[in-house]
Structure formats: C-alpha cells, structure tokens
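In what follows, a structure is listed as structure tokens, so that the remarks can point back to it.
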Amino acid sequence: MIRALGWVLRRDLLLAFRRRGDVVNALVFFVIVVSLFPLGVGPEASQLRNMAPGVLWVAALLACMLSLARLFAPDHQDGTLEQMLLAGEPLVVLVMGKVLSHWLMSGLPLVLIAPLLGLQFDLPADALVVLCVSLLIGTPVLSLIGAVGAALTLGVRGSGVLVALLVLPLFVPVLIFGAGSVGATAAGTGAEAHLLLLGGFLALALVLAPWASAAALRIAME
Amino acid sequence: MSKSGKFSLYYFSSPQSFYPLAGALQPWFAALAAVLCAAGLYISFFVAPTDAQQGESYRIIFIHVPAAWMSMFLYLVMGFWSGVGLVLNTRLSSMVATALAPTGALFTFIALWTGALWGKPTWGTWWVWDARLTSELILLFLYIGFMALQAAIDDQRRADKAGAVLALVGVINIPIIYFSVQWWSTLHQGASVSMKSAPTMAATMLLGMLIMALGFWMYSIAATLARVRCVILERERHTDWVAAEIGGQK
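Protein sequence lines correspond, in order, to chains A and B.
Residues in the first sequence are numbered consecutively from 1, following the numbering used here.
Residues in the second sequence are numbered consecutively from 223, following the numbering used here.
Structure representation (structure tokens):
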C-alpha cells in the first residue's frame with residue numbers, strides 16, 4: 001500500500017515536473033490576485049494590514065480551486081484512471097497519493113511565497129509566521145475537499161465553474177479559521193485556538209475525504 | 223399489497239407503484255397545507271398580540287422562522303434519501319432527493335428574503351454578517367450546488383449518485399459550517415443581534431409559529447410528491463405504463 005502511494009506520488013510529481021508551466025501558472029495567479037487588491041482599495045498601510053489575512057486566504061482558495069481541474073481530468077482522458085480503478089491496490093490509497101501530490105504542487109508553493117506577499121501588506125513578523133503555519137495546515141484540507149469536487153465533476157460539461165460552485169461553500173470553515181488565525185495574532189489574542197481547529201479539520205478531512213473522492217470516482221467511471 | 227398478497231413497504235419503492243400513491247396522497251397534503259397556513263396566518267395577523275418592542279413588524283417571524291426551520295430540515299431529509307439511494311440503490315430514493323432540492327432552496331431563499339425585510343425596520347439594515355444569516359446563505363449555495371451538479375450530468379444514474387455523495391458531504395459539513403460561522407461572528411464582532419436575548423414569547427405567538435411550521439411542512443410534502451411524479455414520468459417515459467398513463471389522461 002505504501003508502495004502504491006509512493007508510485008502515484010512519484011508519477012504525478014514527475015508529470016508535473018515535465019510540465020512546469022501548470023504549477024508556475026497557478027502560483028503566478030495567486031501573486032497577481034493578491035497584488036490586485038491594493039490597486040483596488042488604495043495603498044493605505046493600516047487598511048492593507050487589516051485586509052491581508054483575508055485577501056491572502058481567499059486568493060489561496062481560488063488558486064487551489066483552479067488547479068483542481070488537473071487533478072483527475074488528464075488521467076481520465078488517457079485511461080490511466082481506469083487502470084487505477086482496476087488495480088489491486090485500494091483506490092483510496094491511490095487517491096491519497098494524487099491529493100498529496102496536488103498539495104505539493106499547488107499548496108506548498110503558496111505557503112512558501114505567502115510571507116513575501118504578506119510583507120507587501122505590511123504584516124508584522126509574528127503574523128507572517130502564523131500565516132505560513134495556517135496555510136501549511138489549511139491548504140491540505142483544501143486539496144482534500146477539492147478532490148471530492150473534482151471527482152464528482154469529472155468529465156461533466158462546464159466542470160470548471162461547477163467545481164467552484166460545489167467546493168467553495170465547503171471551504172468556508174477553513175477560510176474563517178485560516179484568516180482568523182492571522183487576524184487574531186495581529187489583534188494580540190493568540191492564534192492557538194484557530195490553528196488547533198484547522199488541525200481538527202485536517203484530521204477529519206484526511207479520514208473522510210479520500211473515501212468520498214474514491215466513491216465519486218467509481219460513480220464517474222461506471 | 224404485493225403480488226403474494228402480503229403488505230410490504232418495498233412495494234412502494236418501485237416508481238411505478240409509487241406514482242399512483244403519490245398522486246392519491248398529494249391532494250390531502252396540499253389541503254392540509256392550505257388549512258394550516260390559513261389558520262396560522264389568521265393567528266399571526268389577528269390573534270397574536272403586538273410585540274411591545276418591535277410593534278407590528280415582528281409578525282414576519284411567522285413566515286421567517288418556519289421557513290428557516292424547513293430549509294435546514296429539508297436538507298437533512300434530502301441527505302437521508304440520498305444516503306438510502308446510494309446504499310440500497312433504489313431509484314425512487316434518488317428521485318425524492320432530486321424533488322426535495324428546489325423546495326429546500328425555495329425555503330432558504332424565503333428565510334433570507336423575509337430576514338432582510340425584517341432586518342430593515344428592526345436593525346436598520348437589510349443585511350448583517352450575523353452567524354445565522356451567513357450560514358443560511360451558505361446553505362442556499364449548497365442547495366444550488368446540488369441542483370447544478372445534477373443538472374450538468376446527462377447520465378441519470380450518475381447524476382443521482384454524484385448528487386447523493388455531494389448531499390452527504392454537505393450534511394457532514396453543515397454543522398461544521400454552522401459552528402465556524404458562529405464562532406467567527408462572535409470573535410470578530412459582538413453579536414449585534416441575538417435571538418436568545420429576545421423576551422420570552424407569548425403563547426399565541428408560539429402557537430402561530432408552530433402551526434405555520436406544520437403548514438410549511440405539509441406544503442413541502444405536497445410539493446415534493448407533485449414534483450417526484452413529474453420526475454418519475456420523465457425518467458420512465460420509455461416504459462409501457464407511462465405511455466398508458468399519459469394516454470389515459472388525454
């Protein structure tokens with residue numbers, strides 16, 4: 001089972017490495033969306049500092065959602081997904097591998113670049129650290145929930161818009177506590193409670209989401 | 223009721239045998255809904271006393287609160303039938319879930335709309351980012367997502383099952399979303415409005431509200447039965463009994 005997980009992970013990472021453009025595009029999208037906000041609301045530092053957690057987190061949700069289309073669709077098109085369903089290894093493990101590689105490609109880069117963007121919004125150092133930690137815990141949840149949406153809309157017409165419709169309402173708790181943790185640090189109340197709750201969401205999503213995705217994939221491939 | 227002469231609930235799990243049952247029950251539920259709503263509206267407009275603080279404007283509570291109750295309750299019912307459809311693979315359960323979604327979305331919308339109408343005279347604003355309002359809005363998004371997913375998938379069986387998975391994911395998420403939003407609003411701002419601080423309700427007010435809720439409940443059943451009949455006819459249109467049914471009505 002671990003070997004199957006490693007196989008999916010290595011394969012997906014290799015594929016992504018061969019087509020670096022996709023990963024970079026999602027990252028550039030994140031940077032551009034975040035950069036648009038000061039242009040829209042004005043460059044006043046105190047206002048930007050208040051907005052920063054929400055803006056960064058919403059941009060992260062959108063960037064994560066955009067890359068969901070690539071999670072299962074290419075494998076669906078070239079028949080790999082069918083082979084995965086037929087394989088002796090449990091589908092849940094294979095889905096886990098795909099979700100993990102999706103996070104490594106779309107979530108982790110956001111975590112790494114977020115402090116830089118936070119600096120542009122004049123966030124203090126402790127808030128930057130919390131921002132990184134909250135994204136580190138929160139973005140895997142986005143990948144896990146997103147996988148359910150991606151599997152449900154696999155091969156459906158207009159799936160790009162549809163996946164947003166399905167997944168974004170489910171992202172709400174992560175957004176609230178992700179952005180809330182940074183805001184709480186800035187307000188001086190401490191981010192521990194928010195981060196613990198995010199950790200709870202991660203644990204719950206880790207247990208339930210791969211099963212729901214696997215069920216949705218079976219339905220899609222019937 | 224079945225062919226062996228023994229009564230069985232499973233008899234009605236076939237769309238063909240459920241169709242006449244739904245047709246027979248639907249007018250009764252519709253009549254009950256009309257009577258209860260008429261009684262409820264009479265109590266709410268003429269019997270219930272004027273509120274000491276909010277004056278006459280509070281009377282929208284008789285529509286608002288039952289609609290909000292139904293919006294949440296119907297999502298649970300939808301999740302239940304989705305689950306049954308997914309596990310037992312019964313087509314009728316999925317059809318019922320499909321038929322429930324528009325009614326649920328309707329009540330969610332009514333709850334939001336009447337809430338806005340109520341908010342203007344009492345709070346001075348159409349909308350506040352209060353926990354209840356926000357979670358109700360997200361519930362509306364969940365209903366819309368369910369309907370959009372089912373509408374986008376052409377293959378009927380896949381649409382049923384995909385919708386069922388989504389509804390179940392939503393059922394797990396509703397409490398999480400509800401509490402997140404509640405904590406979020408209490409963390410960000412002192413709750414500007416709270417139902418808990420409202421004065422204890424007069425008995426007639428409560429009675430009116432309960433009767434209205436029952437009326438809405440009966441309406442939901444009637445509307446769902448009517449809609450599920452349409453769904454059955456549409457999906458079974460290739461069968462002989464539907465051809466006979468439609469031919470017979472002409």
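We put the CB at the ideal spot given by N, CA and C, even for glycine.
The structure displayed is predicted, hence computed values, not measured ones.
Whole-number beta carbon distance between residue j and residue i, since they are thought to touch under 8 Å
i: A:Thr185; j: A:Ala127; result: 5 Å
i: B:Gly392; j: B:Gln372; result: The pair is not a contact, with the Cβ atoms about 13 Å apart (cut-off 8 Å).
i: A:Gly118; j: A:Leu56; result: 7 Å
i: A:Leu91; j: A:Ala214; result: 4 Å
i: A:Thr139; j: A:Ala60; result: 7 Å
i: A:Leu81; j: A:Asp75; result: 4 Å
i: A:Gly199; j: A:Ile137; result: 6 Å
i: B:Gln248; j: B:Leu447; result: 4 Å
i: B:Ser239; j: B:Thr312; result: Not quite, the Cβ-Cβ distance comes to about 12 Å (not below 8 Å), so this is no contact.
i: B:Pro237; j: B:Leu314; result: 5 Å
i: B:Thr378; j: B:Arg457; result: As written in the sequence, residue 378 of chain B is Gln, which differs from the Thr given in the question. The pair is a contact, with the Cβ atoms about 6 Å apart (cut-off 8 Å).
Under 7 Å between C-beta atoms of residue i and residue j
i: B:Val309; j: B:Val450; result: no
i: A:Leu86; j: A:Ala151; result: no
i: B:Ala289; j: B:Ile332; result: yes
i: A:Ile176; j: B:Ser402; result: yes
i: A:Val156; j: B:Ala374; result: yes
i: A:Ala26; j: A:Ser134; result: no
i: B:Val464; j: B:Thr320; result: no
i: B:Gly430; j: B:Phe329; result: no
i: A:Leu9; j: A:Gly97; result: yes
i: A:Gly40; j: A:Ala179; result: no
i: A:Trp103; j: A:Ser143; result: yes
i: B:Phe363; j: B:Ala389; result: no
i: B:Met440; j: B:Ala255; result: yes
i: B:Leu436; j: B:Leu258; result: yes
i: A:Phe72; j: A:Val141; result: no
i: B:Gly337; j: B:Tyr297; result: no
i: A:Leu154; j: A:Ala220; result: yes
i: B:Thr281; j: B:Ser293; result: The question names Thr, but residue 281 of chain B in the sequence shown is Arg. Their beta carbons are not under 7 Å apart, which means B:Arg281 does not touch B:Ser293 by this criterion.
i: A:Leu162; j: B:Ala370; result: yes
i: B:Ala444; j: B:Ala261; result: no
Assigned secondary structure, residue i (DSSP; H/G/I helix, E/B strand, else coil)
i: A:Gly78; result: First, the amino acid is wrong: residue 78 of chain A is Asp here, not Gly. In this structure, A:Asp78 counts as helix in the three-state DSSP scheme.
i: B:Asp273; result: strand
i: B:Val350; result: coil
i: B:Arg459; result: coil
i: A:Pro140; result: helix
i: A:Val99; result: helix
i: A:Leu15; result: helix
i: A:Val156; result: coil
i: B:Glu358; result: helix
i: A:Met1; result: coil
i: A:Ala253; result: For residue 253 of chain A there is no data in the structure shown, the boundaries of chain A being 1 and 222.
i: A:Pro124; result: coil
i: B:Ile375; result: coil
i: B:Gln411; result: For B:Gln411, the pLDDT reaches just 46, beneath the cut-off of 50, and the residue's location in the model is therefore unreliable, although a value from the coordinates is still provided. Coil at B:Gln411, not helix or strand.
i: B:Lys472; result: Confidence in B:Lys472 is poor, its pLDDT being 47 and thus under 50, which makes the residue's placement unreliable; the coordinate value appears in the next sentence. B:Lys472 falls in the coil class under three-state DSSP.
Extent of the continuous alpha helix (DSSP H) run through residue i
i: A:Glu192; result: Glu192 to Met221
i: A:Val28; result: Arg20 to Val41
i: B:Leu298; result: Ile283 to Leu310
i: A:Val174; result: Ser159 to Ala187
i: A:Pro109; result: Leu108 to Gln120
i: B:Tyr241; result: Pro237 to Tyr264
i: B:Ala319; result: Arg313 to Trp345
i: B:Ala424; result: Where B:Ala424 is concerned, there is no enclosing alpha helix (DSSP H), given that its DSSP letter is neither H nor E.
i: A:Leu48; result: Ala45 to Leu66
Residue i at chain D interface by Cβ criterion, 7 Å
i: B:Asn311; result: No chain D is part of this structure, whose protein chains are labelled A and B.
Any non-hydrogen atom of the ligand MG within 6 Å of residue i CB
i: B:Ile468; result: Among the components of this structure there are no ligands whatsoever, and the ligand MG is therefore not found.
Can you list, in chain order, the residues of the stretch 373 to 388 of chain B whose Cβ is nearer than 7 Å to any Cβ on chain A? Ala374, Ile375, Arg380, Lys383, Ala384, Val387 and Leu388
Tell me which residues of the stretch 345 to 372 of chain B have at least one Cβ-Cβ distance to chain A shorter than 8 Å, keeping chain order. Ile360, Phe363, Leu364, Ile366, Gly367, Ala370 and Leu371
At a CB distance below 9 Å, what residues from the stretch 389 to 402 of chain B approach chain A? Give them in sequence order. Leu390, Val391, Gly392, Ile394, Asn395, Ile398, Ile399, Phe401 and Ser402
Taking a Cβ distance cut-off of 7 Å, strictly less, list which residues of the stretch 296 to 308 of chain B are near chain A, in chain order. none
Closer than 8 Å between beta carbons: that is the criterion. Which residues of the stretch 116 to 138 of chain A meet it against chain B? none
Contact list for the stretch 154 to 181 of chain A against chain B, Cβ threshold 8 Å: Val156, Arg157, Gly158, Ser159, Leu162, Leu165, Leu166, Leu168, Pro169, Leu170, Val172, Pro173, Ile176, Phe177 and Gly180
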